[in-house]
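Peer 1: Be aware that the sequence shown starts at 1, since it is given in full-length UniProt numbering, and climbs by one per residue.
For each residue, glycine too, the CB sits at the ideal point set by N, CA and C.
As the structure is a prediction and not an experimental result, all values here were calculated from the model.
Below you'll find the structure I mean.
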Amino acid sequence: MTAALPHPLTPDVELTDYNTLRFAYRAQYLCEVETLHQLHEILEWGKQNALTWRIFGGGSNLVICQDLPGITLINRLKGRVVLREHDDFVDIEVCGGENWHELVAWTVAQGWWGLENLALIPGSVGAAPVQNIGAYGVEVKDCILAVEVLDTHTMQLCHLSPTDCDFGYRESAFKHQWAGRYIIVKVCFRLSKLPRRVLNYGGLNQRLAENCSQQEIFDTVCQIRSAKLPNPNELANVGSYFKNPIVADHVYRELLNRYPDLVAFPYGQDWKLAAGWLNEKAGWKGKRVGGVGVYSEQALVLVNYQDRHAAGLLSLQQQIEQSVLAQFGVQLEREPILLPGEAE
């Protein structure tokens, strides 16, 4: 090991408070990064000592399954500024360590449209492009103008376009070919000053008038999410545990013939099935297995009642996947990232 530990790098840190499943694995080293200078210093020290690194924000989309070797970075970079403003849109730049929901609430207070359907999604701004977070008919890619990253190979800052990021359904290049290379420092959003209502998903059009206000959309999304999803501060979870599977039209038609109450949404020429409906139909809603279980109000959510490690949750995931595949012929896919083993 070369040189003294740079401040504020800390060895052997328990991660219970850094992941919303509250698994008690440990990080070999951990640093809550507040400045770019700190980030450079920590990464250079890591290179000198041949240590790997990973970064996350709120820890709300992670399943940690063993102690984490190397350096675990927590993104605490803060700040948001207006880059440019026009009659019908505004461009804002937000640091990756900002809280996502607080950003959404701020944009709604300003009257800037685009993010209101994404209210109450836990996590940080920097994590949003990685997963291409989405809810109620909106994906974050719809509002992203650019992503500023630190290239850890060259230690230079660079800007990536949405095309560069290769966004897909809960996917991006950050999860695959760029894993372990780029650290998201800032995200630039273009938001509309003109109403841009998206009400055709999740029952919003049944709750809201066509000319509803942005604040009404925000409040309604918060109400729905609060009713369906447990607060991770009260019951450990990572929100939606499974992606909504996308199937071809003929598969959808076959399932609809067998299950007239099937919940699905058009997705291009295909259909997106409601994974929560599949899980509930397979009998998993509210079921508890050991120290983990399926949330009683939403079968898409797996919860941790008391386990300190991930084995029980991963076993439950596998049981649900096998059950849904056997009954519907549909393969579910985990949404949160597994650590170590996948990029944040």
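1) Cα separation between F23 and N237?
2) Helix, strand or coil for E344, going by three-state DSSP, please let me know.
3) For W284, I'd like the list of residues in its chain whose CB is within less than 6 Å of its CB, leaving aside the five on either flank, ordered along the chain.
4) Grab me the residues of G290's own chain with a C-beta within less than 6 Å of its C-beta, minus the 5 sequence neighbours each way, in chain order.
5) Is it buried or exposed for A227, if we count other Cβ within 10 angstroms and need 16 for buried?
6) Looking at C-alpha atoms only, which residue of L21, D307, L5 is the closest neighbour of L339?
7) How would you call G341, buried or exposed, if buried means at least 16 neighbouring beta carbons within 10 angstroms?
8) Distance check for Y259 and I71, CA to CA, integer angstroms please.
9) If you drop the 5 nearest sequence neighbours on each side, which residues of the same chain put their C-beta closer than 7 Å to that of P336?
10) According to the Cβ coordinates, are S124 and W100 closer than 8 Å?
11) CA-CA distance, I246 and Y267?
12) Around the Cβ of N211, are there at least 16 other Cβ atoms within 10 angstroms (buried) or fewer (exposed)?
13) Closer than 8 Å is the cut-off here; do at least three beta carbon pairs connect the segment 149 to 159 with the segment 170 to 183?
14) Check the C-beta distance from G114 over to K193 and give it rounded, since I have them as a contact under 8 Å.
15) Is the segment 72 to 80 close to the segment 30 to 44, with three or more CB pairs under 8 Å?
16) Can you list, in chain order, the residues of its chain with a C-beta nearer than 6 Å to that of A29? Leave out the 5 residues immediately preceding and following it.
17) Would I42 pass as a contact of P6 if the rule is Cβ separation under 8 Å?
18) Specify the secondary structure class of T72 as computed by DSSP and reduced to three states.
19) Could you check what DSSP says for E85 in three-state terms: helix, strand or coil?
20) Determine, using beta carbons only, whether Y136 and L204 come nearer to each other than 8 Å.
Peer 2: The relevant details are as follows:
1) Position 23 of the sequence shown, counted from the start, is the residue given in the question as residue 23. Position 237 of the sequence shown, counted from the start, is the residue given in the question as residue 237. Distance between the alpha carbons of F23 and N237 is about 10 Å.
2) Counted from its first residue, the sequence shown places residue 344 at position 344. Residue confidence is low: E344 scores 38 on pLDDT, short of 50, so the model does not pin down where it sits. No coordinate-derived value is stated.
3) Translated into positions along the sequence shown, residue 284 becomes position 284. For W284, where only same-chain residues beyond five positions count, the Cβ hits under 6 Å are V294, A299, I320.
4) Within the sequence shown, numbered from 1, the residue matching residue 290 stands at position 290. Here the set comprises G312.
5) Residue 227 sits at position 227 when you count from the first residue of the sequence shown. Label assigned to A227: exposed.
6) As a first step, residue 339 must be located in the sequence shown, where it is residue number 339. It is L21 whose Cα lies nearest to the Cα of L339.
7) Stepping through the sequence shown from its first residue, residue 341 is reached at position 341. Classification for G341: exposed.
8) Within the sequence shown, numbered from 1, the residue matching residue 71 stands at position 71. Within the sequence shown, numbered from 1, the residue matching residue 259 stands at position 259. When rounded, the distance between both Cα atoms is 48 Å.
9) To locate residue 336, count along the sequence shown from 1; it is residue 336. Correct list, in chain order: N61, L62, V63, V238, Y241.
10) Here residue 124 corresponds to residue number 124 of the sequence shown, with the count starting at 1. Here residue 100 corresponds to residue number 100 of the sequence shown, with the count starting at 1. It is a contact, given that the beta carbons lie within the stated cut-off.
11) By 1-based counting over the sequence shown, the position of residue 246 is 246. By 1-based counting over the sequence shown, the position of residue 267 is 267. Their Cα atoms are separated by approximately 8 Å.
12) Taking the first residue of the sequence shown as position 1, residue 211 is located at position 211. Exposed, since its Cβ has fewer than 16 Cβ neighbours within 10 Å.
13) These segments touch.
14) Locating residue 114 in the sequence shown gives position 114, where the first residue counts as 1. Locating residue 193 in the sequence shown gives position 193, where the first residue counts as 1. With a Cβ gap of about 10 Å, G114 and K193 do not count as contacting.
15) yes
16) By 1-based counting over the sequence shown, the position of residue 29 is 29. It should be pointed out that residue 29 corresponds to Tyr in this sequence rather than to Ala. Setting aside the 5 residues that flank it on each side, Y29 is surrounded in the same chain by L9, P11, I71, each with a C-beta closer than 6 Å to its C-beta; the list follows chain order.
17) As a first step, residue 42 is located in the sequence shown; it is residue number 42 there, counting from the start. As a first step, residue 6 is located in the sequence shown; it is residue number 6 there, counting from the start. Taking C-beta atoms as the reference points, I42 and P6 count as a pair closer than 8 Å.
18) On the sequence shown, position 72 is the one that residue 72 refers to. Looking at T72 - three-state DSSP - the assignment turns out to be strand.
19) Residue numbering aside, residue 85 sits at position 85 when the sequence shown is read from its first letter. If DSSP states are grouped into helix, strand and coil, E85 belongs with the strands.
20) Your numbering for residue 136 matches position 136 in the sequence shown. Your numbering for residue 204 matches position 204 in the sequence shown. Yes.
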